[in-house]
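*Asks:*
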Amino acid sequence: MTFKPAAWPRKLRSQTWFGGTEKDNIYYRGWMKNQGFPPDLFDGRPVIGILNTWSELTPCNAHLNDLAQRVKHGIYEAGGFPVEVPVFSTSESAFRPTAMMFRNLAAMAVEEQMRGQPMDGCVLLVGCDKTTPSLLMAAASTDLPSIIVTGGPMLNGYYKNERVGSGTHLWKFSEAVKAGTMTKEEFVEAEASMSRSPGSCNTMGTASTMASMAEALGMALSGNAAIPAVDSRRRVMAQLTGRRIVQMVKDDLKPSDVLKKEAFENAIRTNAAIGGSTNAVIHLLAIAGRVGVDLTLEDWDRCGRDVPTIVNLMPSGKYLMEEFFYAGGLPVVIKRLGEAGVLHKDALTVSGESMWDQVKDVVNHNPDVILPASKALTQSGGVVVLKGNLAPKGAVLKPSAATPALMVHRGRAVVFENIDDYKARINDEALDIDETCIMVLKNCGPKGYPGMAEVGNMGLPPKVLRRGITDMVRISDARMSGTAYGTVVLHTSPEAAAGGPLAVVQNGDVIELDVPNRRLHLDVSDAVLAARLAKWAPTHVQAESGYLWLHQQNVQGADTGADLGFLKGCRGNPVGKDSH
Ligand code: FES
2 MTFKPAAWPR KLRSQTWFGG TEKDNIYYRG WMKNQGFPPD LFDGRPVIGI LNTWSELTPC
62 NAHLNDLAQR VKHGIYEAGG FPVEVPVFST SESAFRPTAM MFRNLAAMAV EEQMRGQPMD
122 GCVLLVGCDK TTPSLLMAAA STDLPSIIVT GGPMLNGYYK NERVGSGTHL WKFSEAVKAG
182 TMTKEEFVEA EASMSRSPGS CNTMGTASTM ASMAEALGMA LSGNAAIPAV DSRRRVMAQL
242 TGRRIVQMVK DDLKPSDVLK KEAFENAIRT NAAIGGSTNA VIHLLAIAGR VGVDLTLEDW
302 DRCGRDVPTI VNLMPSGKYL MEEFFYAGGL PVVIKRLGEA GVLHKDALTV SGESMWDQVK
362 DVVNHNPDVI LPASKALTQS GGVVVLKGNL APKGAVLKPS AATPALMVHR GRAVVFENID
422 DYKARINDEA LDIDETCIMV LKNCGPKGYP GMAEVGNMGL PPKVLRRGIT DMVRISDARM
482 SGTAYGTVVL HTSPEAAAGG PLAVVQNGDV IELDVPNRRL HLDVSDAVLA ARLAKWAPTH
542 VQAESGYLWL HQQNVQGADT GADLGFLKGC RGNPVGKDSH
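The sequence shown lines up with residues 2 to 581 when you count with our numbering.
(1) Assuming Asn555 and Ala498 are in contact, meaning their beta carbons sit under 8 Å apart, how far apart are those beta carbons, in whole angstroms?
(2) Using a 10 Å radius around the Cβ and a threshold of 16 neighbouring Cβ atoms, would you call Ser494 buried or exposed?
(3) Return the CA-CA distance between Glu186 and Phe417, expressed in angstroms with no decimal places.
(4) So, at 7 Å on beta carbons, what are the nonlocal neighbours of Val370 in its own chain, with the 5 sequence-adjacent residues on each side left out?
(5) Are the Cβ atoms of Ile246 and Ile49 separated by less than 8 Å?
(6) Just to check, is the beta-carbon of Ala110 closer than 7 Å to a non-hydrogen atom of ligand 1?
(7) Give the range of the beta strand (DSSP E) segment to which Asp253 is assigned.
(8) Suppose only complete runs of 4+ residues qualify. What are the alpha helix (DSSP H) ranges in the stretch 392-475, listed by chain order?
(9) If we count the other Cβ atoms within 10 Å of its Cβ and call it buried at 16 or more, is Gln36 buried or exposed?
(10) Report back the beta-carbon spacing between Thr279 and Arg480 to the nearest angstrom; my notes put them in contact at under 8 Å.
(11) When burial is assigned at 16 or more other CB atoms within 10 Å of the CB, is Val316 buried or exposed?
(12) Nearer than 7 Å: is that true of the beta carbon of Gly206 relative to any heavy atom of ligand 1?
(13) Roughly how far, in whole angstroms, is the beta-carbon of Gly153 from the beta-carbon of Met205, given that I think they are within contact range, below 8 Å?
(14) Ala489 and Leu398 look like a contact to me (Cβ under 8 Å); what is the Cβ gap, rounded to whole Å?
(15) Going by DSSP in three states, Ile27 sits in which element: helix, strand or coil?
(16) How many whole angstroms separate the CB atoms of Thr59 and Gly483, which I take to be in contact at a CB cut-off of 8 Å?
(17) Roughly how many angstroms lie between the CA atoms of Phe89 and Lys255, to the nearest whole one?
(18) With Glu492 as the anchor, note down where its beta strand (DSSP E) starts and where it stops.
(19) Is Leu129 a contact residue of ligand 1, with contact defined as CB to any heavy atom under 7 Å?
(20) Can you give me the C-alpha to C-alpha distance between Cys202 and Leu42, rounded to a whole angstrom?
(21) Using DSSP bridges, identify the partner residues of Leu52.
(22) Beta-carbon within less than 6 Å of Thr437's beta-carbon, same chain only, minus the 5 sequence neighbours each way: which residues are those?
(23) Please state the DSSP three-state secondary structure of Gly389.
(24) Grouping DSSP H, G and I as helix and E and B as strand, with all else coil, what is Glu117?
(25) Please name the residue or residues paired with Ala221 in a DSSP beta bridge.
(26) Got a sec, what are the start and stop residues for the beta strand (DSSP E) Glu545 sits in?
(27) Go through its chain and collect everything with a Cβ distance to Leu534's Cβ below 8 Å, but skip five positions before and after it.
(28) Can you give the Cα-Cα distance for Pro462 and Val511, rounded to whole angstroms?
(29) Could you give the DSSP three-state label for Val1: helix, strand or coil?
(30) Cα-Cα, which of Val415, Val542 and Asn428 is closest to Leu523?
(31) Pull up the DSSP beta-bridge partners for Pro154, would you.
(32) Straight-line CA distance for Met440 to Ile335?
(33) Could I get the ranges of all uninterrupted alpha helix (DSSP H) runs contained in the stretch 491-538, with 4 residues as the minimum, in chain order?
(34) How about Thr151 and Ala212: are their beta carbons less than 8 Å apart?
(35) Could you check what DSSP says for Ser94 in three-state terms: helix, strand or coil?
(36) Kindly list the residues whose CB is nearer than 6 Å to the CB of Ala403, restricted to its own chain and excluding five residues on each side of it in sequence; keep chain order.
Here you go:
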């Protein structure tokens, strides 16, 4: 930790708008005063943007206006000037074709909102899956002092006295209906139990994972990730975050001071310990790309490989975020990494303290929720990175959500050319498939779907489910919801729509998955593979205009974070010219 706080007082960037008596200063201040702000708020104190991803069509974030008020209290208490700014909100549950297609658009829009307006620092008020990485990417690219506070997870769901996890039980119940062990009426009745309170998914899905990643990166106050959305302590966290950002601006503590390679390695190991979402791979690679940290897929395998999954939460385990909070939450997990000697203890956090200083005294209150290493869900919890002639640039698999018996498997490929082909044929009783086969789905990567939808955990064919089989090996260039499970190979790169070898897999080909040796192999000769690739032509829909065109023209591979190429890197926060 080598951070040295800047001298205070000094002139802040917001003063180039609000300070002085020139015509332009009067113009900027005058307009703001129509909201009834007293003159002393423009006296050079830190102006803090509360970047609020509230939206009624982002239900996971629909309670954020309440938290924004708490953040404001904190900012005022610390002597800052809070301004609430609505920003692009990406809902995982409602945005079509997939919220992921808009993560980069949101990041681009928010970056310009941060840079182009009179803000000295920002509170990133987020929750649903893509809102967290998109705002972190924007903060990394502007390098304005920034701190995250998330909306927090929903309370536990229950149906017929059984815990119901967001997403996880949607897949489970849906497959139970297909298998004939649950009626459609029960499925509809269970719907109300799935989202019982305000907040984000209550499983260790992508939202909880990204809240945990923000905390493990050092970009949120310690303990933020697990506090339930409706717990009064979530409001306290919001208020404390508001207080803290004011001091961060005075100290000039920026994202680039926190987001070092060590911080990303801490986050990768934390993701392994919590059994976090594979989506974290793409998001952390993209955030690292914005701040200029050289993070690779290989870092995920190297850092996570020997870290046991000790958080017993769905989809890998049995509890939910509410119980994780009662057990002590993420600080307990980070402390365990430190005790195991795999934490960069000195990593700086937005609190100004080192990561270790924040967690060293916390206590685990429930060893059935945060398990001892000897009882870990899996001893190698990290995201596995597979390579081979089917994935020259890599593919990922989450062992804690997979079936151990399928980790080494050789099977006949049953190929679906795209998601529509899969939907059209999967329920066909005549489909030539059994549990030894490997399901292959093409054209669902960043360009192909487009946006890389969470369809990699394809549901199994009903005739297999009816025989009590719950898992098969599945391979695609898609993503998978963090709430999902199965022996699912994801993010296969290069994707089919970019002419990767996945594009030329044929029905009946034999594929080998060998997780211990990190191998994904299509059992055809090099000559046959080359001949097929030479004849390949794209079949996915290609846009000719609009954002979709911009996305397809510029999106990078999943192996580097699926950012738009021209958005990589930090562009800082120059104040620009007066325009009046
Ligand atoms: Fe928004 Fe899960 S769908 S957090």
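Idealized CB from N, CA, C, for every residue including glycine.
*Replies:* Taking the definition as stated:
(1) In the sequence shown, the residue the question calls residue 555 occupies position 554. In the sequence shown, the residue the question calls residue 498 occupies position 497. In this structure, Asn555 and Ala498 do not form a Cβ contact; the two beta carbons are roughly 14 Å apart against a cut-off of 8 Å.
(2) Reading the sequence shown from its first residue, position 493 is the one you call residue 494. Buried: at least 16 other Cβ atoms inside 10 Å.
(3) Here residue 186 refers to the residue found at position 185 of the sequence shown. Here residue 417 refers to the residue found at position 416 of the sequence shown. Approximately 31 Å between the Cα atoms of the pair.
(4) Residue 370 sits at position 369 when you count from the first residue of the sequence shown. Only residues of its own chain outside the window of five on either side were considered, and among them Asn313, Tyr320, Glu324, Phe325 and Ala328 have a CB closer than 7 Å to the CB of Val370, listed in chain order.
(5) Position 245 of the sequence shown holds residue 246. Position 48 of the sequence shown holds residue 49. Contact flag set, yes.
(6) For the purposes of this step, residue 110 is identified with residue 109 of the sequence shown, where counting begins at 1. Not one heavy atom of ligand 1 falls within 7 Å of the beta-carbon of Ala110.
(7) For the purposes of this step, residue 253 is taken as residue 252 along the sequence shown, with counting starting at 1. Counting along the chain, Asp253 falls outside any beta strand (DSSP E), and DSSP gives it neither H nor E.
(8) Listed in chain order, the complete alpha helix (DSSP H) runs (minimum 4 residues) inside the stretch 392-475 are 420-426 and 463-466.
(9) By 1-based counting over the sequence shown, the position of residue 36 is 35. Exposed: under 16 other Cβ atoms inside 10 Å.
(10) Taking the sequence shown and counting its residues from 1, the one referred to as residue 279 is at position 278. Taking the sequence shown and counting its residues from 1, the one referred to as residue 480 is at position 479. The Cβ separation is near 7 Å, so the contact holds.
(11) Sequence index remark: in the sequence shown, residue 316 carries index 315 (1-based). First, the amino acid is wrong: residue 316 is Pro here, not Val. By the neighbour-count rule (16 or more Cβ atoms within 10 Å), Pro316 is buried.
(12) Working through the sequence shown from its first residue, we reach residue 206 at position 205. Yes - ligand 1 has a heavy atom lying nearer than 7 Å to the Cβ of Gly206.
(13) To locate residue 153, count along the sequence shown from 1; it is residue 152. To locate residue 205, count along the sequence shown from 1; it is residue 204. Contact flag wrong, Cβ pair sits at about 14 Å.
(14) Your numbering for residue 489 matches position 488 in the sequence shown. Your numbering for residue 398 matches position 397 in the sequence shown. Contrary to the premise, residue 489 reads as Val rather than Ala in this sequence. 7 Å between Cβ atoms; contact.
(15) Numbered from 1 along the sequence shown, position 26 holds the residue referred to as residue 27. Ile27 falls in the helix class under three-state DSSP.
(16) Stepping through the sequence shown from its first residue, residue 59 is reached at position 58. Stepping through the sequence shown from its first residue, residue 483 is reached at position 482. With 8 Å as the limit, Thr59 and Gly483 do not qualify as a contact, their Cβ atoms being about 16 Å apart.
(17) Within the sequence shown, numbered from 1, the residue matching residue 89 stands at position 88. Within the sequence shown, numbered from 1, the residue matching residue 255 stands at position 254. Linking Phe89 to Lys255 through their CA atoms gives a straight-line distance of about 22 Å.
(18) Position 491 of the sequence shown holds residue 492. Looking at the sequence itself, residue 492 is His, so the reference to Glu does not match. Its beta strand (DSSP E) spans residues Val489 to Ser494.
(19) As a first step, residue 129 must be located in the sequence shown, where it is residue number 128. Per the sequence shown, residue 129 should be read as Cys rather than Leu. Answer for Cys129: yes, Cβ within range of ligand 1.
(20) For this step, residue 202 is matched to residue 201 along the sequence shown. For this step, residue 42 is matched to residue 41 along the sequence shown. Cys202 and Leu42: Cα-Cα distance of roughly 38 Å.
(21) The residue labelled residue 52 in the question sits at position 51 within the sequence shown. According to DSSP, Leu52 bridges with Val86 and Leu125.
(22) Within the sequence shown, residue 437 is the residue found at index 436, counting from 1. Counting only Cβ-Cβ distances below 6 Å, and skipping sequence neighbours, we find Gly412.
(23) In the sequence shown, counting from the first residue as 1, residue 389 sits at position 388. In the structure shown, Gly389 sits in a strand (DSSP, three-state: E or B).
(24) Taking the first residue of the sequence shown as 1, we reach residue 117 at position 116. Note that residue 117 is Gly in the sequence shown, not Glu. Note: Gly117 maps to helix in three-state DSSP.
(25) Locating residue 221 in the sequence shown gives position 220, counting from the first residue. Answer by DSSP bridge pairing, in chain order: Ile149.
(26) As a first step, residue 545 is located in the sequence shown; it is residue number 544 there, counting from the start. Neither: Glu545 is in no beta strand (DSSP E) and is coded neither H nor E.
(27) Along the sequence shown, one-based indexing puts residue 534 at 533. Result list for Leu534: Gly500, Pro502, Ala504 and Val505, in chain order.
(28) Residue numbering aside, residue 462 sits at position 461 when the sequence shown is read from its first letter. Residue numbering aside, residue 511 sits at position 510 when the sequence shown is read from its first letter. In a straight line, the C-alpha of Pro462 is about 19 Å away from that of Val511.
(29) Residue 1 lies beyond the residue range present for the chain, which begins at 2 and ends at 581; the question has no answer from this structure.
(30) On the sequence shown, position 522 is the one that residue 523 refers to. The option with the nearest alpha carbon to Leu523 is Val415.
(31) What you label residue 154 is simply residue 153 of the sequence shown in a count that begins at 1. Under DSSP, Pro154 forms a beta bridge with Ser201.
(32) Locating residue 440 in the sequence shown gives position 439, counting from the first residue. Locating residue 335 in the sequence shown gives position 334, counting from the first residue. The alpha-carbon atoms of Met440 and Ile335 are separated by roughly 37 Å.
(33) Entirely contained in the stretch 491-538, the alpha helix (DSSP H) runs reaching 4 residues are, in chain order, 527-536.
(34) Taking the sequence shown and counting its residues from 1, the one referred to as residue 151 is at position 150. Taking the sequence shown and counting its residues from 1, the one referred to as residue 212 is at position 211. Yes.
(35) Walking along the sequence shown from the start, residue 94 turns up at place 93. It is coil, neither helix nor strand.
(36) Here residue 403 is taken as the residue at index 402 of the sequence shown, counted from 1. Thr488.
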